[in-house]
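Peer 1:
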Amino acid sequence: MSTFATVADMRARFEEPDLVQLTDVAGVGAVDEEKVEAKLASADALIVGYIAARYRDVRNFAGNSILKDVACDYAFSLLWKTDLPKWVEDRRKLALDTLSRIAAGSIKLDQGTEEAQPRPGQILTSGPERRFTRDSLSGY
265 MSTFATVADM RARFEEPDLV QLTDVAGVGA VDEEKVEAKL ASADALIVGY
315 IAARYRDVRN FAGNSILKDV ACDYAFSLLW KTDLPKWVED RRKLALDTLS
365 RIAAGSIKLD QGTEEAQPRP GQILTSGPER RFTRDSLSGY
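The numbering of the sequence shown is our numbering, which starts it at 265 and goes up by one.
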């Protein structure tokens with residue numbers, strides 16, 4: 265079972281005939297859920313590899329809508345055995361770019377609530393709120 269997206273998520277995101285065409289090798293006219301699950305597992309591994317650089321416990325982000333979309337788009341691109349259509353390639357590139365931005369910290373999955381771990385020799389202080397900010401000085 266994949267962590268970030270399910271077969272139901274794939275069905276909601278992509279057309280059923282596309283999924284059948286890409287997975288139904290036996291010719292039964294249905295989505296081969298095992299193949300989709302395998303591709304979702306590959307997408308999970310990729311996602312974990314990217315976001316583990318920024319977050320300690322990546323499994324806390326199961327159900328995150330950003331990661332669900334990334335997992336679905338990347339897994340869908342893996343289902344293709346031939347050259348990807350432009351729209352699939354674009355979604356794949358966007359998914360990888362999103363993961364890179366998450367790893368770099370420009371997209372936050374936890375809305376900035378994860379606390380930094382103390383380091384040896386680190387000194388933390390607290391003080392009053394800043395008086396001069398971009399908002400308070402915007403008219404000058």
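Beta carbons are placed, not taken as given, at the ideal position from N, Cα and C, and that holds for glycine.
Once you ignore the five residues that flank T362 on each side, which residues in its own chain have a CB closer than 6 Å to its CB?
Peer 2: V334
Peer 1: I'd like the ranges of any alpha helix (DSSP H) spanning at least 4 consecutive residues and lying wholly in the region 275 to 322.
Peer 2: Listed in chain order, the complete alpha helix (DSSP H) runs (minimum 4 residues) inside the region 275 to 322 are 280 to 287 and 297 to 315.
Peer 1: Quick check on the burial criterion: 16 or more other C-beta atoms within 10 angstroms. Buried or exposed for T346?
Peer 2: exposed
Peer 1: Helix, strand or coil: how does DSSP classify I330 here?
Peer 2: Three-state result, I330: helix.
Peer 1: How big is the Cα-Cα spacing for L283 and N328?
Peer 2: 23 Å
Peer 1: Helix, strand or coil: how does DSSP classify E353 here?
Peer 2: helix
Peer 1: Indicate whether the contact test is met: 3 or more Cβ pairs, each with one atom in the region 307 to 317 and one in the region 272 to 287, closer than 8 Å.
Peer 2: Judged by pairs of C-beta atoms under 8 Å, the region 307 to 317 does not touch the region 272 to 287, as fewer than three such pairs exist.
Peer 1: Helix, strand or coil, according to DSSP, for A367 in the structure here?
Peer 2: The DSSP-derived three-state label of A367 is helix.
Peer 1: May I have the straight-line CA-CA distance separating S370 from G293, to the nearest angstrom?
Peer 2: About 43 Å.
Peer 1: Leaving aside the five residues before and after A367 along the sequence, list all residues of the same chain whose C-beta is less than 7 Å from its C-beta, in chain order.
Peer 2: If we look at A367 and ignore the five residues flanking it on each side, its Cβ neighbours are Y314, I315, A317 and R318.
Peer 1: Under 8 Å by Cβ, that's how I've got A326 and M274 pegged, so tell me the actual separation to the nearest angstrom.
Peer 2: With a Cβ gap of about 16 Å, A326 and M274 do not count as contacting.
Peer 1: Measure from the alpha carbon of E279 to the alpha carbon of each residue in V352, N324, D374 and V289, then state which is nearest.
Peer 2: Comparing Cα positions, the closest option is V352.
Peer 1: Between F268 and K332, how many whole angstroms is the CB-CB distance? I'm expecting something under 8 Å.
Peer 2: 6 Å
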